[in-house]
Amino acid sequence: DSGVTQTPKHLITATGQRVTLRCSPRSGDLSVYWYQQSLDQGLQFLIQYYNGEERAKGNILERFSAQQFPDLHSELNLSSLELGDSALYFCASSASGTGKTTNEKLFFGSGTQLSVL
Amino acid sequence: AQKVTQAQTEISVVEKEDVTLDCVYETRDTTYYLFWYKQPPSGELVFLIRRNSFDEQNEISGRYSWNFQKSTSSFNFTITASQVVDSAVYFCALSEDMDSSYKLIFGSGTRLLVRP
Numbered sequence: 415d416s417g418v419t420q421t422p423k424h425l426i427t428a429t430g431q432r433v434t435l436r437c438s439p440r441s442g443d444l445s446v447y448w449y450q451q452s453l454d455q456g457l458q459f460l461i462q463y464y465n466g467e468e469r470a471k472g473n474i475l476e477r478f479s480a481q482q483f484p485d486l487h488s489e490l491n492l493s494s495l496e497l498g499d500s501a502l503y504f505c506a507s508s509a510s511g512t513g514k515t516t517n518e519k520l521f522f523g524s525g526t527q528l529s530v531l
Numbered sequence: 454a455q456k457v458t459q460a461q462t463e464i465s466v467v468e469k470e471d472v473t474l475d476c477v478y479e480t481r482d483t484t485y486y487l488f489w490y491k492q493p494p495s496g497e498l499v500f501l502i503r504r505n506s507f508d509e510q511n512e513i514s515g516r517y518s519w520n521f522q523k524s525t526s527s528f529n530f531t532i533t534a535s536q537v538v539d540s541a542v543y544f545c546a547l548s549e550d551m552d553s554s555y556k557l558i559f560g561s562g563t564r565l566l567v568r569p
């Protein structure tokens, strides 16, 4: 068990809908990351938050948004869903999330499987 | 632009064989990090190793070893005496962003099947 909790584990919805994925980082970790794993795109980094603020952005669509709350949990909001958004969405956390911490590890949750029908 | 290539899509070996998973990366930065992650059938991603570009020492952890060669931009992963539990998809990844060490660029993964 990595200590990173993602809910729900599975989500089935229809095109055009909006969903929210939730992530609770490991106790004490300040950084949360979101990744998407799809058949087409493989594994790709979406976005990182550090202590409530956006730290880095990857290939995140404008229809997607995220935030990190004062209690450090994070939510990834996906709107106007398309068939191609079907993927496994991972959340991960690390203690600080900067490149200056040489021994810092990244811990992944078990993912939310999103199916858009 | 940065890129990670794992040319081996799938590898099948018999238990106790040694197996090497290849990873070739492209980057223009002189400072970067390289990673290996394991994704077992259960789906979660498990961290295996992180290596920074200044440290070219090879590393061994039990049956696992990593060979980092900057001259060929490769970071290969060897499993010695493979076991059925090693069956998984293995991802190599690169990070150039020093403000965010986990803005990772992943390879497409190598599926390893270890047969009894």
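Chains as they are written, first to last, in the numbering used here: chain A, 415 to 531; chain B, 454 to 569.
Beta carbons: idealized from backbone N, C-alpha and C, even for Gly.
Computed from a prediction, not measured in an experiment: that's the story for all the values here.
Problem set entry | Three-state class that DSSP yields for Ser514 (chain B) in the structure shown | If DSSP states are grouped into helix, strand and coil, Ser514 (chain B) belongs with the strands.
Exercise. Beta-carbon of Leu557 (chain B) versus every beta-carbon of chain A: anything under 9 Å?
Worked result: yes
Exercise. With DSSP run on the structure shown, which of helix, strand or coil describes Leu460 (chain A)?
Worked result: strand
Exercise. Going by the beta-carbon positions, is the gap between Glu476 (chain A) and Thr429 (chain A) smaller than 9 Å?
Worked result: Result no, Cβ atoms of Glu476 (chain A) and Thr429 (chain A) do not sit closer than 9 Å.
Problem set entry | Cut-off 6 Å between Cβ atoms - residues of its own chain near Phe530 (chain B), not counting five sequence neighbours on either side | Leu474, Trp489 and Trp519
Exercise. Cβ of Phe504 (chain A) within 9 Å of Cβ of Leu501 (chain B)?
Worked result: no
Exercise. For chain B, is any of its Cβ atoms less than 9 Å away from the one on Phe483 (chain A)?
Worked result: no
Exercise. Once you ignore the five residues that flank Gln431 (chain A) on each side, which residues in its own chain have a CB closer than 6 Å to its CB?
Worked result: Leu495
Problem set entry | Local Cβ density within 10 Å of Thr526 (chain A), reported as buried at 16 or more and exposed below that | buried
For this session: Could you check which residue in B:Tyr543, B:Glu470 and B:Glu479 has the C-alpha nearest to that of Lys456 (chain B)?
Result: B:Glu479
Problem set entry | Distance between Ser510 (chain A) and Leu418 (chain A) (C-alpha atoms, nearest Å) | Reading off the sequence shown, one finds Val at residue 418 (chain A), where the question assumed Leu. Approximately 15 Å between the Cα atoms of the pair.
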